[in-house]
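Following: one structure in structure tokens, then a few remarks.
In this note's numbering, the protein residues as written are 556 to 708.
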């Protein structure tokens, strides 16, 4: 006995695509928040030591102002963590405010992919494999979300 093929209507397919796109968008948003929190925790746990401070106890002229490299590094590191948290929260607010049946904004997905591509390049050149593999994972999720959103609109 042959199974009867299940036929889905166009609207049912759109609903499934919409749910998947929203889930992927939300997952990436939450990942930005978690990575921002982990970055900030690692900053305080591992990067604020007397040894590192001694290594960075120099000054440089930045924008015409003599600045402590230690303070610049601390500020940039903390900003990175907090900005990742804020970016994730902003994207969560976007996805939760979407009307039922509306796909995630294409422009937001493109921006998220651009940020993740930047993380990929910077991670490859200056950091570790975690940034590289994490950004590839995020780009994959967000690209699927973008494709679904493009097909659904």
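Think of the CB as a built atom: it goes at the ideal place given N, C-alpha and C, for glycine as much as any other residue.
If you're wondering where the values come from, they're calculated on a predicted model, not measured in any experiment.
_Helix, strand or coil at residue 617 [DSSP, three-state]_ = Here residue 617 refers to the residue found at position 62 of the chain shown. Residue 617: strand per DSSP, three-state reduction.
*Can you tell me the Cβ-Cβ gap for residue 667 and residue 697, rounded? I've got them flagged as a contact below 8 Å.*
As a first step, residue 667 is located in the chain shown; it is residue number 112 there, counting from the start. As a first step, residue 697 is located in the chain shown; it is residue number 142 there, counting from the start. Contact flag correct, Cβ pair sits at about 5 Å.
*Cβ neighbour criterion (16 or more within 10 Å) applied to residue 654*: Residue numbering aside, residue 654 sits at position 99 when the chain shown is read from its first letter. When all chains shown are included, residue 654 counts as exposed.
_Whole-Å CB distance - residue 574 paired with residue 659, under 8 Å assumed_ = As a first step, residue 574 must be located in the chain shown, where it is residue number 19. As a first step, residue 659 must be located in the chain shown, where it is residue number 104. About 11 Å; that fails the 8 Å criterion.
_8 Å contact criterion, which residue 691 and residue 639 should meet: CB distance rounded_ = Position 136 of the chain shown, counting from 1, holds the residue named residue 691. Position 84 of the chain shown, counting from 1, holds the residue named residue 639. 17 Å between Cβ atoms; not a contact.
_Please identify the residue among 629, 646, 567, 621 whose C-alpha is closest to the C-alpha of residue 776._
Residue 776 lies beyond the stretch modelled for the chain, which goes from 556 to 708, so this question has no answer here.
*Which whole runs of the beta strand (DSSP E) in the stretch 590 to 637 are 3 residues long or more, in chain order?*
614 to 617, 620 to 623
_With 16 other Cβ atoms within 10 Å as the buried cut-off, status of residue 619_ = Position 64 of the chain shown, counted from the start, is the residue given in the question as residue 619. When all chains shown are included, residue 619 counts as exposed.
*Could you name the residues of the same chain whose beta carbon sits closer than 7 Å to that of residue 625, not counting the 5 residues immediately before and after it, in chain order?*
By 1-based counting over the chain shown, the position of residue 625 is 70. Correct list, in chain order: 608, 611, 612.
*Taking residue 674 as the reference, which of 689, 661, 665, 662 has the closest Cα?*
Within the chain shown, residue 674 is the residue found at index 119, counting from 1. Closest option to residue 674, Cα to Cα, is 689.
*If you measure from the CB of residue 663, is any heavy atom of the ligand NAD nearer than 7 Å?*
Within the structure as shown, the ligand NAD is missing, as the structure has no ligands at all.
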